[in-house]
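Student:
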Amino acid sequence: MALAKYLGRKLAWTVVVFFVALVLNFLLPRLIPGNPVDAIVGQLARGGGTGGEQLQQVHEHFMEEFGLNKPLWQQFFIYVGHVLTGDFGTSFGQYPASVNHLIGQALPWSVAIQLPAIVVGWCIGNMLGAIAAFKGGWLDRGAFVSSLFFSSVPPFALAILLLFVVAVKGGVLPVGGAYSFGLSPEWSAAFFGDAITYFWLPFWSLVLVFIGGQAVGMRSMAIYELGSDYVNYNRGLGVRDGITVRYIFRNAMLPQFTGLGLSIAALISGGLITELVFSYPGLGTLLFNAIGQNDYPVIQAITLLITLAVLFANFAVDVLTGFIDPRIRAAQSGER
Amino acid sequence: MSLRGLSPRFWISATLIIVIVLIALLGPLLVSIDPNATIGGLYDRPRCCGTMLLGTDNEGQSVLANLVYGTRTSLIVGLLAGVIATVIGLLIGLVSGYRGGWIDDLLTAVTNVGLAIPAIVVIILVSVSLPKRNIYTLALVIGLTAWFWVARAVRAQASSVRTREHIDVARLSGAGFWSILARDILPYLLSYVVMAAVLQVSGAILFESTLSLLGLGPGDATSLGTMLYWAIAWGSVRTGAWWAFVPPTLMLTLIVFSLLLLQSSLNEVFNPRLRRGRAARKKTKLSAADEEAIERSRPEVVGAAGLLETPASSGTEAR
Chain F
1 MALAKYLGRK LAWTVVVFFV ALVLNFLLPR LIPGNPVDAI VGQLARGGGT GGEQLQQVHE
61 HFMEEFGLNK PLWQQFFIYV GHVLTGDFGT SFGQYPASVN HLIGQALPWS VAIQLPAIVV
121 GWCIGNMLGA IAAFKGGWLD RGAFVSSLFF SSVPPFALAI LLLFVVAVKG GVLPVGGAYS
181 FGLSPEWSAA FFGDAITYFW LPFWSLVLVF IGGQAVGMRS MAIYELGSDY VNYNRGLGVR
241 DGITVRYIFR NAMLPQFTGL GLSIAALISG GLITELVFSY PGLGTLLFNA IGQNDYPVIQ
301 AITLLITLAV LFANFAVDVL TGFIDPRIRA AQSGER
Chain P
337 MSLRGLSPRF WISATLIIVI VLIALLGPLL VSIDPNATIG GLYDRPRCCG TMLLGTDNEG
397 QSVLANLVYG TRTSLIVGLL AGVIATVIGL LIGLVSGYRG GWIDDLLTAV TNVGLAIPAI
457 VVIILVSVSL PKRNIYTLAL VIGLTAWFWV ARAVRAQASS VRTREHIDVA RLSGAGFWSI
517 LARDILPYLL SYVVMAAVLQ VSGAILFEST LSLLGLGPGD ATSLGTMLYW AIAWGSVRTG
577 AWWAFVPPTL MLTLIVFSLL LLQSSLNEVF NPRLRRGRAA RKKTKLSAAD EEAIERSRPE
637 VVGAAGLLET PASSGTEAR
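Chains as they are written, first to last, in the numbering used here: chain F, 1 to 336; chain P, 337 to 655.
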């Protein structure tokens, strides 16, 4: 069956790419002259506060964990083994804490802010682009230039300006963080009500940027479709505008949908920086702190998570496209 | 292509870009303060005229001086990385599209893997591992991870140009491999390559500032991103020291916005199907006689192209 073949090929492809990403993730940090453990232990020693015996212990722990005294290929298998069992090791920067624990604390915040932002932004952006393309005139020009502006504003720039204008100057919403001082994350109405006020600013700054990008793309797709053969043919036949518009949007929607998979990487990286600006306790802030401390295990875990998220999103988009687009079942299976 | 045919969008973006380039080129000469010299305290307010026009940053350095030097750094990184990415992508795309066969398969596979792995991940991993980061290594790293898009698009177009007859003619008359690539295929893609290069430059500038914000910026120079990094790390947003973060934010936005505007106006020039608004407006201004004259001067359109253009433009007018 063509669809199953298509899905199988996409899955195999995703696995291959994941493997390449795993190799890169393993190899790139090991290109540094010397080994990272010596560097980090040296840094700890300079910082003071840790005694010689303890340093020795830390050093041995990491040499053991990464197998740094073994040949490279063995290290790779150790690394893959750890990753596949979901064990990202121990943090350099916050020593006895496990990376899994740090990620586990940060990840829910990132998902909570990025997933809704992507979904909402995609829907509103496409509607706006389609309406602008169809109505034309001043609405089109206004919507186009402002979408172009929002899509080209670096996500963090919009975040910084929003934070300053709305929170610092306006005082409408809280300035940073994810919940008020003194509260701790729990499943209660009071905590939710508090956290949501911290949620709005980073959320909307992500959504606005995304709306812009989607609207620009959808507008040009719809304009392209407006000039295509079947539209002219329909006009010649005297088919009602409403029906033609439906055809146009169904055709213009598909590239936008596949585009979602392609733009997901940019969205996630923009989201990480936005978190950083708002000191939202997600992966972005964790990554920032990890980079400041040369905390390789945490950095590696986050980059691997980003890769996984992007690959998964792309695969999901491919699968859904396979179901939505009837042409895939016919054409794509024959294509190389 | 006459200059009059270019849209106002093109002129606006071109003017903005020229102004930005002038700031980057002449700014450091006009603002004769060392960006690393301490000239005041922590976040001194801006005072009119002279070195304190934009106040001081967290280290008491002049924000104005940092801004013009930072603009220069960001433009250098963006241009270098954009050129590297475009050239690599162009070469790989041309060779794989024109050559075909196993070379094509191999290069396409590499390109697709490169597209699937998020560039930011590779850039973070490499930058973390680099013992020393300066603007050139940064540009190199960004350029080497950004060419995949260009390669894929160029390959698609090159492989469609390959089947045209003039390539056969060139081959029969004994033109070499590289000569065919450069003189018979490249001209067909040139408009695309120009637009791709503009996009690559703006993308590279964004990447540079993202990396700098994460603390992976160039160690030897101020860039707009590192200015923001310090502004955020020292809480200038919270304390309301707007002069420390608004100028670099606006400058970055302006650079990226004008580059994207340039790209979209070039797209309209090269791609007539997107050029609907202006054509429609022009028509209403012309009298019937003018229009007739234009109609007569236009070469006879043969085949489907003639059917395509006319109803589409009248259709947009009707709405």
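C-beta atoms are modelled at their ideal positions from N, C-alpha and C, and glycine is treated no differently.
According to DSSP, is P/T392 helix, strand or coil?
Tutor: In the structure shown, P/T392 sits in a strand (DSSP, three-state: E or B).
Student: Tell me the residue span of the alpha helix (DSSP H) that contains P/I453.
Tutor: Here P/I453 belongs to no alpha helix (DSSP H), and DSSP marks it neither H nor E.
Student: So what does DSSP say about P/E631, is it helix, strand or coil?
Tutor: Confidence at P/E631 is low in this model, with a pLDDT of 40, below 50, so its placement is unreliable and no value can be given for it.
Student: Closer than 9 angstroms, CB to CB, is F/A189 near chain P or not?
Tutor: Answer no: the Cβ-Cβ gap between F/A189 and chain P never drops below 9 angstroms.
Student: Specify whether the region 315-326 of chain F and the region 199-211 of chain F touch according to this definition: at least 3 beta carbon pairs, one from each stretch, less than 8 angstroms apart.
Tutor: Counting Cβ pairs under 8 angstroms, fewer than three are found: no touch.
Student: Just to confirm the assignment, what range does the alpha helix (DSSP H) spanning F/Y198 have?
Tutor: Looking at the DSSP string, the run of the alpha helix (DSSP H) that includes F/Y198 is 189-226.
Student: Go through its chain and collect everything with a Cβ distance to F/V17's Cβ below 8 angstroms, but skip five positions before and after it.
Tutor: Excluding positions up to five away in sequence, the list reads L311.
Student: Please decide whether F/R250 counts as near chain P, where near means a Cβ-Cβ distance under 9 angstroms.
Tutor: False, the Cβ-Cβ gap to chain P never drops below 9 angstroms.
Student: Which residues does DSSP list as the beta-bridge partners of F/S98?
Tutor: F/T90, per the DSSP bridge assignment.
Student: For P/F593, decide whether its Cβ has a neighbour in chain F, counting only Cβ atoms nearer than 9 angstroms.
Tutor: P/F593 counts as touching chain F.
Student: Check whether the region 154-163 of chain F touches the region 224-236 of chain F, counting contact only when three or more Cβ pairs, one atom from each stretch, lie closer than 8 angstroms.
Tutor: No, the region 154-163 of chain F does not touch the region 224-236 of chain F.
Student: Can you name, in chain order, every residue of its own chain whose Cβ lies under 6 angstroms from the Cβ of P/L598, other than the five neighbours on each side?
Tutor: Answer for P/L598: S349, V534, listed in chain order.
Student: Please classify P/S343: does DSSP put it in a helix, a strand, or coil?
Tutor: Here P/S343 sits in coil by DSSP.
Student: Does any heavy atom of the ligand MN sit closer than 8 angstroms to the C-beta of F/Q94?
Tutor: This structure lacks the ligand MN; in fact it carries no ligand of any kind.
Student: Find the nearest neighbour of P/V457 within the set F/L24, F/G236, F/A130, F/Q57, judged by alpha-carbon distance.
Tutor: It is F/L24 whose Cα lies nearest to the Cα of P/V457.
Student: Based on Cα-Cα distance, which residue from F/I211, F/V153, F/S205 lies nearest to F/A143?
Tutor: Per the Cα distances, F/I211.
Student: Give the range of the alpha helix (DSSP H) segment to which P/Q397 is assigned.
Tutor: Counting along the chain, P/Q397 falls outside any alpha helix (DSSP H), and DSSP gives it neither H nor E.
Student: Closer than 7 angstroms, Cβ to Cβ, to anything on chain P: give me those residues from the region 231-260 of chain F, in chain order.
Tutor: So the close ones are N232, R235.
Student: Going by DSSP, name the residue or residues bridged to P/T374.
Tutor: Paired residue(s): P/Q397.
Student: Tell me the rounded alpha-carbon separation between F/F92 and F/Y247.
Tutor: Distance between the alpha carbons of F/F92 and F/Y247: 56 angstroms.
Student: Can you find the residues in the same chain that come closer than 8 angstroms, C-beta to C-beta, to P/K468, ignoring five residues on each side of it along the sequence?
Tutor: The residues are G555.
Student: Between F/F62 and chain P, is the shortest Cβ-Cβ distance under 9 angstroms, so that the two count as touching?
Tutor: Not an interface residue.
Student: Can you give me the Cβ contacts of F/V325 inside the same chain, cut-off strictly under 7 angstroms, excluding the 5 residues immediately before and after it?
Tutor: Sequence check: residue 325 of chain F is Asp here, not Val. So the qualifying residues of the chain are L254.
Student: Nearest chain F C-beta to P/T585 closer than 9 angstroms, yes or no?
Tutor: By this cut-off, P/T585 is an interface position.
Student: Mind pulling the chain F residues with CB within less than 8 angstroms of P/I568?
Tutor: Those within 8 angstroms of P/I568 in chain F are I160, L276, V277.
Student: Given this structure, state the Cα-to-Cα distance separating P/G406 from F/R9, to the nearest angstrom.
Tutor: Rounded to the nearest angstrom, the two C-alpha atoms are 47 angstroms apart.
Student: Under 9 angstroms between the Cβ atoms of F/S188 and F/T274?
Tutor: The answer is no: Cβ separation not under 9 angstroms.
Student: Given P/L602, which residues of its chain have a CB within under 8 angstroms of its CB, disregarding the five upstream and five downstream residues?
Tutor: Closer than 8 angstroms at Cβ, skipping near neighbours: F346, S527, V530, M531, V534.
Student: Give me the residue from P/I453, P/W483, P/L442, P/D440 with the minimum Cα distance to P/G539.
Tutor: Ranking the options by Cα distance to P/G539, first place goes to P/W483.
Student: So, is P/A360 buried or exposed, given that buried needs 16 or more other C-beta atoms within 10 angstroms?
Tutor: P/A360 comes out buried.
Student: Of all Cβ atoms in chain P, is any one closer than 9 angstroms to the Cβ of F/L28?
Tutor: Judged by the 9 angstroms Cβ criterion, F/L28 is in contact with chain P.
Student: F/Q293 by DSSP, collapsed to three states: which one?
Tutor: Three-state result, F/Q293: coil.
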